[in-house]
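First to last, the sequence lines map onto chains A and B. Position one of the first sequence corresponds to residue 8 (my numbering), numbered consecutively onward. Position one of the second sequence corresponds to residue 317 (my numbering), numbered consecutively onward. No residue lacks a Cβ here, since even glycine has one placed at the ideal position from N, Cα and C.
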Amino acid sequence: MTDHGMDELQSFFDAAKAQAAEPSADLLARVQADALALQPVRSAVVTERAPGILRQLFAAVGGWPAVTGLTAATVLGVWLGAVQPAGLSDSLSTALYGDGTLTVDPQSSFDFVLLEG
Amino acid sequence: MPYDAQDDLSDEALLARYASGDAAAARILTLRLTPRVFGHAMRLLGNHAEAEDVTQDALIRLWRIAPDWREGEAKVTTWLYRVVANLCTDRLRRRPSVDLDAVPEVEDGAVGAAEGMQQQARADALQAALMQLPDRQREAVVLRHIEGLGNPEIAAIMEISPRAVESLTARGKRALTEILAGRKDELGYTDD
Chain A
8 MTDHGMDELQ
18 SFFDAAKAQA
28 AEPSADLLAR
38 VQADALALQP
48 VRSAVVTERA
58 PGILRQLFAA
68 VGGWPAVTGL
78 TAATVLGVWL
88 GAVQPAGLSD
98 SLSTALYGDG
108 TLTVDPQSSF
118 DFVLLEG
Chain B
317 MPYDAQDDLS
327 DEALLARYAS
337 GDAAAARILT
347 LRLTPRVFGH
357 AMRLLGNHAE
367 AEDVTQDALI
377 RLWRIAPDWR
387 EGEAKVTTWL
397 YRVVANLCTD
407 RLRRRPSVDL
417 DAVPEVEDGA
427 VGAAEGMQQQ
437 ARADALQAAL
447 MQLPDRQREA
457 VVLRHIEGLG
467 NPEIAAIMEI
477 SPRAVESLTA
487 RGKRALTEIL
497 AGRKDELGYT
507 DD
């Protein structure tokens, strides 16, 4: 290729550079929408602290379900202790100790042991 | 980091920011890369609608690969030029023959028109001539003489040796000169 031919060709390349096709606003908008839609989510900085004693105890007893049960039992116990309902007291005594007389006769057992030798 | 301050960052640094969730980096990369990608696709395809599709597709691939991009390994533009060329080659292969609609015609009124119109006529004539070159010659000539890249970078994009790049561009220019010689008078060579 002659120098003259190359100079002429260069004028075509220069013209092409000057007349470069520009992307439309619509294309730019589509590309940007893609970029934002496919962008990974910014990773949040998480500072982890060691759990405190109360939190460890809370986890050790079984979390919220266990704590709820324990609380209910405690409240019932305090209520029974404070009010001491008469009916409940009598029926509990009967259930535990029978009709109210409890006889302990260690002597009779002792005699039996003596007779048997 | 403020929007303006990021304008000075390299494409690779911006891509890393993009991957970490920086929305401003997404906007800057869009404005910076879309014109280059679209311009290159236009020259390889000679068709506006197809060039737009290729541009969007190539950049979607970039957004997707961003989290895995290893800074310092390759230039973003080198990677993009290669992706654009591959996408364009796929489209050109699917065309039944030379798409005459894709070859811009020189307007009749361009002869002896004002300088701006003559520039446009030359740009259109060059595009029409480029479309007659084999794909690889067209890619090499466009990258070297319109995008203004050096042979080593073109070699990296096309995955061939710099010597092969020289050969492709030399043959491409020779063919262009012959094609354009037939339109010498029409395009006002002698006015230079």
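Could you pull the start and end residues of the alpha helix (DSSP H) that L349 (chain B) belongs to?
339-361
Count the other C-beta atoms from every protein chain shown that fall within 10 angstroms of the C-beta of G69 (chain A), then say buried if there are 16 or more, exposed otherwise.
exposed
Less than 8 Å between CB atoms is the rule here; does S32 (chain A) satisfy it with respect to chain B?
It should be pointed out that residue 32 (chain A) corresponds to Ala in this sequence rather than to Ser. Not closer than 8 Å to any Cβ of chain B, the Cβ of A32 (chain A) fails to qualify, so no.
In angstroms, rounded to a whole number, what distance separates the CA positions of W385 (chain B) and R37 (chain A)?
23 Å
Listing by chain order, which chain A residues have their CB less than 9 Å from the CB of G355 (chain B)?
A27, A28, E29, P30
Can you have a look at G488 (chain B) and say buried or exposed, based on whether 16 or more other CB atoms are within 10 angstroms of its CB?
buried
N-terminal and C-terminal residue of the alpha helix (DSSP H) that G69 (chain A) is part of:
G69 (chain A) -> no alpha helix (DSSP H), and no H or E assigned at all.
A22 (chain A) to M433 (chain B), Cα distance in whole Å?
10 Å
Applying the 10 Å Cβ sphere with the 16-neighbour rule, what's the burial state of W265 (chain B)?
Past the edges of chain B, shown from 317 to 508, lies residue 265 (chain B), and the structure says nothing about it.
Selection from B:A480, B:A471, B:I476, B:V457 that minimises the alpha carbon distance to T493 (chain B):
B:V457
For P383 (chain B), return the contacting residues in chain A, with the cut-off set at a CB-CB distance below 8 Å.
P47
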